[in-house]
Structure formats: C-alpha cells, structure tokens
Amino acid sequence: MSINMPTMCDSKHAKIASFDQNGVGEVGSGLFGLPFTEEESEVVIFPIPWEVTVSYNAGTAQGPAAVRDASPQLDLFDPELPNAWHLGIHMPSVPDNWAQESERLREKTEAYIEWLEGGCQGEGNQFDATLAEVNKKGEELLQWSKQETLALLEKGKLVGVLGGDHSTPLGFMHALAEKHEEYGILQVDAHADLRDAYEGFTYSHASIMFNALKLPQVKKLVQVGIRDLCQAEAELVDQSNGRITTFYDSKIKTKLYEGNSWRKQCKKIIAQLPQKVYISFDIDGLDPKLCPGTGTPVPGGFEFEEAVYLIKALVKSGREIIGFDLCEVAPGDSEWNGNVGARLLYKLCNWMAVSQKRLEAAN
C-alpha cells in the first residue's frame, strides 16, 4: 500500500537538519523532545486527562502529562527504524478544562463507589444526580473527542489517543467508524472491559469494549493477555459468534511453557484480525512491574518486548494500523510509569507509520 506524501515544508527540513538527536532531551520541549508542530508532524497524539469512573486506584488522568514529561529521556535511535523521528510526532497541550472536570466529578464518584462497595447502606437515590451528571459528561467527552480526532484524520494525520482511563478512546473509535467501512480492534489488556454500564456508568473504563462493539464497523475484537474478568464477560465472549476472540494470559503462558513459541502464537492472534486494525493498549496488559502505578494492576501480563513483538508482527503481516490508544498510565511514586509509557508510545507511533508506509516516505 502506498500513500502519497505532501511535500515536506521547509521548516521541517530545517528542523531535521539542525536537530541533535544525540543530545540531551530538554525538559519542557515537545513530546520525545522533538521540535515539530502539528502541521509538520505525520503523527499527532491526542491527550485525554480523564478518570472519573475508575473504581480502584486513581492517577491515570495525570497519565498524558507523565508520559510527556518522561519522553525526552528516551533515545530516539531504533536499530530497526533508525530515522523514525523524521516522521514528526506532536502532542498538543493537555486540555486543562477536561482535567478539571475529571477532578471535580471524581470527588463525587468516589463517594458513590464507596457507597456501592459498602453494601449500598442508606438511601441510594442521593447518587442519582451524580450518575446522571457523569453519564451526561461522558457523552460530551465522547462527542468532543470524536470531532477533534476526526478533524485530525481529515488533515491526513496518523492519530493516537493517550489516556486517561480506558474509557477515553471511545470518541476516536467513533471517528474511525466514519472514515472506515470496517475495522478490527486488537486489545492488549489485563481486563476484558466488556461490562454493560459498570457500576451504573454508561462510559465506564470497564465498559469500553462493550461500547465499542455497538459500532457496526467494528467487525472483530481480539483480546490478548486477559486475566481478570467476570462470568458475564466470559459468556458474552462465548455468545459473540466469533466476533470476539479472547486469548487468555494463562493459556498463552501455558503454551509458552510447553514449547509453543510466541511467534507462533502471535501468528494465530493476528490471523483473527481483518486488514484494518485499531490497537487499544491498556498499560496493565504488561507485567505490573512495568506499570506499578496503574489503576488496576493484575499479576501476569507481558514483558515489554513481547508486546512490541506482537505489534511488529501485526505490521509485518501486511495489516494496516489505522489508529491506537495507550491508556491507564498513572505516574505513581516515580517517573518509572511515565518512562515505560513513553517508550511504548514511541513504538506504537513508529510501527503505525510503517504499516501505512509513512515512515518510508518520510525518510
């Protein structure tokens, strides 16, 4: 597949020529320390600082800022994609208004979730207004993010969403549904996220895939690394007539221990996907030693290079990555979470560009 590239503007040529990729990343510079504007960039990362419905540990609303702040520490050279940074990757400022709304509503939902977990003691109707407000604001977030990401797609940008909790990319999925007749989702995650309005929240972080499947354009959902789900979710998978295929973490590991290579398993995973693929990557799909600050860590999961190998194998299969999200990165007590998140984000950006032939053209 070949995509015609617009003529690179003189300012981008000049920036590439003058940029010291071997230098020390500057704090306060652009994502990954890169100097490119949105106009000059092939890839735009859309930050959504939102975590209103998280039901365990909070902090993911600070994920976009944590990843951005850690990203200049990353060395840009990749032995497989040595000039990947020539693409231009840009992330606009994290929207303060949505961050503030998330914080305001989070205070209300914490009281409601505490009431639920306490056995619903007392009058529950005191929280009806909270549920209504959160669901209304969730719809507004969906429509806002849909329009913003659709505008980027219309400009010919490759787009990735950086959350925030895992509810945040739904608007982008809607935008892609307007651009593509059909596509599949590759979900790397510890959780199935197939609950119907979990805890009463229509746009719960635990309901993202349930909501995504409401889009008729989503022809297939392939889940990888799942190791924490309820019976209703398992039944939904079994009753999906093949629309959902789940590769459980325990079964993946058992096959590895019995001599079935990761390469062979990746081939089987990818075979379930259509030509156009959206990657939804919850950071808790990794081993929690790599993301200890995430909201709902679960033992098990992938090593960093195992996850990257799957992404590379997907691209090398000839499939096209039409977009992605990276969610549930929380700062924690150190820069470690943001550091790992930034490195995974860089891989996702670069291999998406390879899948669409943008990297080849940019070099």
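Count along the sequence shown from 1, then add 1061; that gives the number in the working numbering. C-beta: ideal position from N, C-alpha, C; glycine also.
Report all residues from its chain with a CB closer than 6 Å to the CB of residue i; omit the five preceding and five following residues, and keep chain order.
| i | result |
| --- | --- |
| Y1309 | I1287 |
| M1066 | With a pLDDT of 40 at M1066, under the threshold of 50, the modelled position of this residue cannot be trusted, and the question is left open. |
| V1369 | K1408 |
| P1125 | P1108, P1110, V1155, L1223 |
| H1235 | K1207 |
| E1267 | First, the amino acid is wrong: residue 1267 is Ala here, not Glu. Closer than 6 Å at Cβ, skipping near neighbours: D1254, R1256, Y1259. |
| N1196 | T1263 |
| D1386 | V1222, P1230, S1341 |
| S1079 | none |
| V1298 | I1305, T1307 |
| K1076 | P1096 |
With H, G and I counted as helix, E and B as strand and the rest as coil, what does DSSP make of residue i?
| i | result |
| --- | --- |
| S1102 | coil |
| G1084 | coil |
| K1337 | strand |
| G1199 | helix |
| T1355 | coil |
| I1064 | Residue placement at I1064 cannot be trusted, given a pLDDT of 36 that sits under 50; what the coordinates show is reported in the next sentence. Coil. |
| G1224 | strand |
| Y1407 | helix |
| L1219 | strand |
| C1388 | strand |
| E1364 | coil |
| Y1318 | helix |
| L1095 | coil |
| P1108 | strand |
Do residue i and residue j have their CB atoms nearer than 7 Å?
| i | j | result |
| --- | --- | --- |
| A1423 | L1148 | yes |
| I1372 | V1338 | no |
| G1232 | S1206 | yes |
| G1354 | G1393 | yes |
| V1155 | A1403 | no |
| V1115 | G1356 | yes |
| L1213 | E1103 | no |
| V1401 | D1289 | no |
| G1346 | G1362 | yes |
| Q1417 | R1380 | no |
| E1112 | T1121 | yes |
| E1389 | I1330 | no |
| L1282 | I1246 | yes |
| M1152 | L1092 | yes |
| Q1082 | L1137 | yes |
| Q1284 | T1307 | yes |
Is it right to say residue i is buried, meaning 16 or more other beta carbons lie within 10 angstroms of its own, or is it exposed?
| i | result |
| --- | --- |
| S1132 | buried |
| S1063 | The predicted model places S1063 with a pLDDT of 34, which falls under 50 and marks its position as unreliable; any figure quoted below should be read in that light. S1063 should be labelled exposed. |
| Y1244 | buried |
| P1140 | exposed |
| G1094 | buried |
| G1217 | exposed |
| N1272 | buried |
| Q1161 | exposed |
| Q1248 | buried |
| Q1300 | exposed |
| D1157 | exposed |
| C1410 | buried |
Below 8 Å CB to CB, which residues in the same chain sit around residue i once its five sequence neighbours on both sides are set aside?
| i | result |
| --- | --- |
| I1038 | Any question about residue 1038 goes unanswered here, given that the chain covers just 1062 to 1424. |
| I1174 | S1116, E1260 |
| V1415 | L1142, V1376, E1421 |
| L1192 | Y1173, G1261, F1262 |
| S1090 | P1096, P1133 |
| C1070 | E1100, E1101 |
| E1200 | T1263, Y1264 |
Take residue i and list the residues in its own chain whose beta-carbon comes closer than 7 Å to its own, dropping the five residues that flank it on each side.
| i | result |
| --- | --- |
| E1364 | D1348 |
| S1072 | E1101 |
| C1327 | Y1370, L1371, A1374 |
| F1188 | Y1173, W1176 |
| L1317 | W1323 |
| P1396 | Before going on, a small fix: residue 1396 reads as Glu here, not Pro. Excluding sequence neighbours, E1396 sits near A1131. |
Please find out if some non-hydrogen atom of the ligand NAD comes closer than 6 Å to the beta-carbon of residue i.
| i | result |
| --- | --- |
| L1135 | The ligand content of the structure shown is nil, which means the ligand NAD is not present either. |
Practice problem: Would you check if there are 3 or more beta carbon pairs closer than 8 Å linking the region 1167-1175 to the region 1091-1109? | Solution: Contact between the region 1167-1175 and the region 1091-1109 is absent, with fewer than three C-beta pairs closer than 8 Å.
* Asked: Does the region 1237-1249 come within contact of the region 1273-1290, defined as at least 3 CB pairs closer than 8 Å?
  -> These segments touch.
*Counting Cβ pairs, one atom from each stretch, are 3 or more of them under 8 Å apart for the region 1243-1258 and the region 1291-1301?*
Result yes; three or more Cβ-Cβ pairs closer than 8 Å.
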